[in-house]
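Undergrad: Quick one: structure below, then a few questions.
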Amino acid sequence: MLVDSHCHLDRLDLAAHDGSLDAALDAARQRGVGHFLCIGVSADNAADVKALAERYDDVDCSVGVHPLDVQPGAAPALDWLLHELNHPKVVAIGETGLDYHYEPEAAELQQESFRLHLQAAQQTGKPVIIHTRGARADTLELLREAALPQAGVLHCFTEDWDMAKAALDMGYYISLSGIVTFRNADALRDVASKVPADRLLVETDSPYLAPIPYRGKPNLPQYVREVAEFLAMLRGENYERFAEQTTENFKRLFPLAHVKA
């Protein structure tokens, strides 16, 4: 069984499934995907991801504010975040983090928001889902500052091995998306080959970043199979064992997730 550890089910392009989310999830299930983590990115979609998690037994969700969704002058309130996290199918915090690639001028605001999410993690014990782009040093500094007792994950990882190792040394997991299949992703493939087997997750980040051979098309949870097959081949591992291992890793990182045995 596979888990799509990071997908945006409320944002999928469902044209390939006649507009039906039920059909899209069924297509993934038929390819061995047994669980989905639907990710919150803003205050506006918190209700949507919780509703989807309530609707499907094999969907859990997270709640948080993506760094590019933090509104100028208004980081998310800690009391709002703690309230949203108090739900049986909200198993994680985020996605949160830092993205200086698109908004370097918003660094201070993003850091304030990231700290609030890490504070919520301290108070609730729920793991954090971290987005980082163009902000390696600050991301690692804030994670060290928080010194969370429980792990989190650097999702859709695209940085170098030095950053991956620093995060791994702090107890974090690394999640890889379809980007690892792209032709120009040699450096990322080097990282993928080095991550310990018990600290690796797979994801689609759908509807974004479809893997080869679907690159340029809307991504769907069913394509996590392509990511997993590619990584198993890259690492010289048996596919079934790789799928089992990454599912075990997901269950360990997200112990509140409702994953069927």
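Under this note's numbering, the sequence shown has 192 at position 171, and the numbering climbs by one with no breaks.
Note that beta-carbon positions come from the ideal geometry of N, C-alpha and C, so glycine has one too.
Mind listing, in chain order, the continuous alpha helix (DSSP H) runs of no fewer than 4 residues lying wholly within the segment 59 to 90?
TA: 67 to 76
Undergrad: For the alpha helix (DSSP H) containing Leu-221, list its first residue and its last residue.
TA: That residue, Leu-221, is in no alpha helix (DSSP H); its beta strand (DSSP E) goes 221 to 223.
Undergrad: So Ser-227 and Leu-99 are in contact, right, with Cβ under 8 Å, and what is the actual spacing, rounded?
TA: Incorrect: roughly 30 Å between the Cβ atoms, too far for contact.
Undergrad: Am I right that Pro-232 and Phe-251 are in contact with their C-beta atoms under 8 Å? What's the rounded C-beta distance?
TA: 7 Å
Undergrad: Measuring alpha carbon to alpha carbon, tell me which residue in Ser-134, Val-223, Gly-61 and Thr-202 is nearest Pro-234.
TA: Ranked by Cα distance from Pro-234, the first of Ser-134, Val-223, Gly-61 and Thr-202 is Thr-202.
Undergrad: Could you tell me which residues DSSP pairs with Arg-210 in its beta bridges?
TA: Bridge partners of Arg-210: none, in fact.
Undergrad: Taking Phe-57 and Asp-79 to be in contact with their CB atoms under 8 Å, please state how far apart those CB atoms are, rounded to whole angstroms.
TA: In this structure Phe-57 is in contact with Asp-79, their Cβ atoms being roughly 6 Å apart against a cut-off of 8 Å.
Undergrad: According to DSSP, simplified to helix, strand and coil, what is Ile-200?
TA: helix
Undergrad: What first and last residue would you give for the alpha helix (DSSP H) that runs through Ser-134?
TA: 128 to 145
Undergrad: Is the shortest distance between the beta-carbon of Arg-76 and the beta-carbons of chain D less than 8 Å?
TA: In summary, chain D is missing from the structure at hand, where a single protein chain is found.
Undergrad: Could you say if the segment 40 to 49 and the segment 113 to 133 meet the contact criterion of at least three C-beta pairs nearer than 8 Å?
TA: no
Undergrad: Is it the case that the segment 93 to 108 contacts the segment 153 to 170, given that we only count it when at least three CB pairs across the two stretches are under 8 Å?
TA: no
Undergrad: Under 8 Å, do Pro-88 and Ser-134 count as touching if we go by C-beta distance?
TA: yes
Undergrad: Using the three-state DSSP reduction, which class does Val-216 fall into: helix, strand or coil?
TA: Residue state, collapsed to three classes: coil.
Undergrad: Comparing C-alpha positions only, which one of Ala-158, Arg-262, Ile-195 and Ala-74 sits nearest to Ala-128?
TA: Ala-158
Undergrad: On the three-state DSSP scale, how would you describe Thr-117?
TA: strand
Undergrad: Going by the CB atoms, is the gap between Val-86 and Pro-97 shorter than 8 Å?
TA: yes
Undergrad: What are the start and end residues of the beta strand (DSSP E) that includes Thr-153?
TA: 149 to 154
Undergrad: Along the chain, where does the alpha helix (DSSP H) that runs through Asp-19 open and close?
TA: The question about residue 19 has no answer, for the chain in this structure spans 22 to 282.
Undergrad: Using only the heavy atoms of the ligand SAM, determine whether one of them is closer than 7 Å to the beta carbon of Arg-262.
TA: Absence of the ligand SAM from the depicted structure is noted, as is the absence of any ligand whatsoever, leaving it without description.
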